[in-house]
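Taking this note's numbering, the leading residue of the sequence shown gets 185, the next gets one more, and so forth.
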Amino acid sequence: MNYNRSEFQASYGLSSQLPESDRPEFVFSGRSNVGKSSLINRLCNRKNLARVSATPGKTATINFYRVDTAYFVDLPGYGYAKVSNADRERWDELINSYFETPRAMTVLVQLLDCRHAPSADDVQMLEYLHYHKIPFVVALTKADKLKKSEQAAAEESFRTRCAPYGCREVFLTSAEKGTGIEELRKYLEECLTTEQ
Ligand code: GDP
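Next comes the structure, spelled out in structure tokens:
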């Protein structure tokens, strides 16, 4: 897969707008501000493919990027305290409808901040993935914020923590430094050849 061949396709705010699933999809999920846009940009060697924002809680949309022969599907971030109930319901509806329609979903990348234990929202997401038998890996973000010795311990602790939910692999990443990016790229590519 040529990650340099990436372009934004569209943002969808309503489940009825979701496009046909005509190519394999890699899904990215995580709390607002976890570093999802930064990771997507880094994977694709782009600065602004996905919007990087220091102010979390923008409108919930599912963003599709064409990346060579696949789609990157960027789910709206969750866990932002200041959203209304109506927004929360819309988020639920969007996410559920994405997962409930048959799609060529290859694997989901669940992002977790390597510095903090999973939040209640993160745990709810892990439970959702487990319950719906959604194949997923965890990408720990912002590894550059930890010392080397702390990084290994964090990775091990997340491995143990996430395994019961069916997590297949844990990648320690830094969008800033490029840590773990090549490993994650390779893994995603392998998913294309082994699961299609
Ligand atoms: P999103 O809301 O999950 O899409 O998160 P963003 O990609 O917008 O990032 C949120 C904040 O975290 C921004 O200020 C980023 O610059 C910062 N950030 C993202 N990735 C990294 C990383 O690998 N290292 C560091 N130090 N900061 C990061």
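C-beta atoms are modelled at their ideal positions from N, C-alpha and C, and glycine is treated no differently. In this text the structure is predicted, and so the values were computed from the model without any measurement.
Legend entry - Run of the alpha helix (DSSP H) containing Asp-258, from where it starts to where it stops: For Asp-258, no alpha helix (DSSP H) run applies; the uninterrupted beta strand (DSSP E) run containing it begins and ends at 254 to 258, by DSSP.
Legend entry - Three-state class that DSSP yields for Asn-149 in the structure shown: Because residue 149 is not part of the residues shown, which for the chain are 185 to 380, the question remains open.
Inset, instruction - Compute the Euclidean distance between the alpha carbons of Arg-207 and Thr-378, then round it to the nearest angstrom. - result: Rounded to the nearest angstrom, the two C-alpha atoms are 15 Å apart.
Inset, instruction - Taking the CB atoms as reference points, tell me whether Leu-202 and Thr-253 lie closer together than 9 Å. - result: Cβ distance not < 9 Å, so Leu-202 and Thr-253 don't count as in contact.
Legend entry - CB contact flag (Asn-217, Asn-225, <9 Å): Going by beta carbons, Asn-217 and Asn-225 fall outside the 9 Å limit.
Inset, instruction - Could you pull out every residue in the same chain whose Cβ sits closer than 6 Å to the Cβ of Gly-350, ignoring the five residues on either side in sequence? - result: Excluding sequence neighbours, Gly-350 sits near His-314.
Legend entry - Proximity of Asp-328 and Tyr-262 at Cβ, strictly below 9 Å: No, these two residues do not count as a Cβ contact at 9 Å.
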